[in-house]
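Residue numbers (the numbering used here): 1468 to 2060.
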């Protein structure tokens, strides 16, 4: 018992005694910590338990240098982290089949799509949205074999004027080839035997972001052999193969023989070296050279036979539009040269993308492919509407007034409201019910909108009849139903053929404007209880006006009716512009068919 008391006293002194000098050492416990001495009666054993409310320090921030980025397939982008945090960063992609990421933050585009890249440290994360697009920029060759002293030109496809292109050797110190570049083209000259990789870098800008893509070509230089390496030939074409740098010192060539590994694909003259393409496929052509010293050497090359064609007979483009001509039947060794016969009508790029100029007409596109010449017709059109709107009656048929197109033009028509007017594939419009709609026309890549107003035949005739009555008669409320006279409601009534079932009244007596409005409301002909924009009105619609001040005791305080005539005018003498006035109290459409 004494030992327990002595231990507790000693512990108390240890924890609470004052230090006679200031120390820079950290305190044993902080003010927020609780210390408990357990002096429970265990024979010969005492325990000290320390508990603390102190929490582990949290990282304060983790940021990425980009919150969104766009890259091309087969290309990379390096994400970088910053912020006040510690610990190893781990990287993860939400869709690794679209964009993968390594533990250095390097993102690689796999397939077109969108993925989220997340960087994590304990307790904190940051993410970046990555959009992967198909790489439009390609070198026309992924590999190239040259004989010493020969040269060839490679190009990068789909390069615009705004893009920046550069070419470089992966090994800057390499002396295998010499390169000179202009725009998207690079000339390669074989200088020394060996292999080197050519890199083409294209920088584009989209949404204020630079997008860089890289294409590569492995170039191998042979000291000697058949000059025609990696050759493509079209079916039914011929090419004479030749040898370079095959001489041996102190020995002469006695004879040379040529063979083909697959004569059904490509045959070769045994002594001439002339190769003929038979059918699509691959064959190896070998030249065997015999020397006067009794030795011989074999020099092989691979030839691929193509069957190129442009399946369509013509391409139609409107002014300024572009389209890639679809060439099929080529192979990895194929070479294609394009040109336009009339350069004033169009231009064409190395990948077959043709751009129409500013003049309509016809010309010929010529493609030289693996020794074969292919001709293709180009038609440049200037489609346009000769008018942009039409008023027509129900049941009437009209043709969309489209001009400047060819019989081979690609044209589609679509009605936004086929219940009002339908249109067939030839552009013939049929009015079906009263209303407005737009006909959308797409012609050779250009879109047009043709506005159509459809009214009932009777409503259209009512406008014509009302106009005739108005200008052949005089206004008089007292003699409103007498020949040679009219007022507002009798004009409308007679214009619609004294139809009392339609407008109220009796065949011999027109209703007042207010009574006419009440009748139209009862028969469900009201389309609005306030003024509408003229764009929503149709000829034959009836516009009812209320008194601005005071009351006449009639329905809706109506004192006047006017017929909408079309083109923004209403039937008054003279014709007056229609305005969306505040004292318009009702608009009715008596007829819809």
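From the three backbone atoms N, C-alpha and C, an ideal C-beta is built for every residue, glycine too.
Quick one: using the 10 Å Cβ neighbour count with 16 as the cut-off for buried, is residue 1775 buried or exposed?
-> buried
So what does residue 2033 bridge to, in DSSP terms?
-> 2036
Under a three-way DSSP split, which group does residue 1757 fall into?
-> In this structure, DSSP gives residue 1757 an extended state, which the three-state scheme calls strand.
The stretch 1662-1672 touching the stretch 1575-1595, judged by at least three CB pairs closer than 8 Å = No, they do not touch.
What residue range is occupied by the uninterrupted beta strand (DSSP E) comprising residue 1612?
-> 1610-1614
What is the DSSP secondary structure of residue 1960, reduced to helix, strand or coil?
-> helix
Closer than 8 Å, CB to CB, is residue 1630 near chain D or not?
-> Looking for chain D here will not work: only one protein chain is present.
Length of the line joining the Cα atoms of residue 2003 and residue 1919 | 12 Å
Inter-residue Cα distance where the pair is residue 1727 and residue 1684 = A straight-line Cα-Cα distance of about 27 Å links residue 1727 and residue 1684.
Are at least three pairs of beta-carbons, each pair with one atom in the stretch 1759-1779 and one in the stretch 1715-1734, less than 8 Å apart?
-> yes
When we look at the beta-carbon of residue 2013 and count the other beta-carbons within 10 Å, is it buried (16 or more) or exposed?
-> By the beta-carbon neighbour count (other beta carbons within 10 angstroms, threshold 16), residue 2013 is buried.
Any idea if residue 1671 is buried or exposed, counting beta-carbon neighbours within 10 angstroms, 16 or more meaning buried?
-> Residue 1671 comes out buried.
Cutoff 7 Å; reference residue 2047; Cβ partners in own chain excluding five residues on either side | 1998, 1999, 2000
Could you name the residues that DSSP lists as bridge partners for residue 1843?
-> 1832
Could I get the ranges of all uninterrupted beta strand (DSSP E) runs contained in the stretch 1912-1980, with 3 residues as the minimum, in chain order?
-> 1913-1922
Who are residue 1860's beta bridge partners in DSSP?
-> 1922
Tell me whether residue 2008 is buried or exposed, calling it buried when 16 or more other Cβ atoms sit within 10 Å of its Cβ.
-> Residue 2008 comes out buried.
Rounded C-alpha distance that separates residue 1547 from residue 1784 | 46 Å
Spell out the partners DSSP gives residue 2027 in its beta bridges.
-> 2012
Residue 1992: buried (16+ other C-beta within 10 angstroms of its C-beta) or exposed?
-> Label assigned to residue 1992: buried.
If you draw a straight line from the alpha carbon of residue 1932 to that of residue 1901, how long is it in whole angstroms?
-> Between the alpha carbons of residue 1932 and residue 1901 lies a gap of roughly 19 Å.
Can residue 1542 and residue 1680 be called in contact, C-beta distance under 8 Å?
-> yes
Residue nearest to residue 1839 in terms of C-alpha spacing, selected from 1794, 1854, 1851, 1811 = 1794
Length-filtered (3 minimum) beta strand (DSSP E) runs lying within the stretch 1685-1755 = 1698-1701, 1705-1707, 1720-1727, 1733-1735, 1741-1744
Based on Cα-Cα distance, which residue from 1852, 1772, 2060 lies nearest to residue 1888?
-> 2060
Between the Cα of residue 1710 and the Cα atoms of 1937, 1894, 1613, which residue gives the shortest distance?
-> 1613
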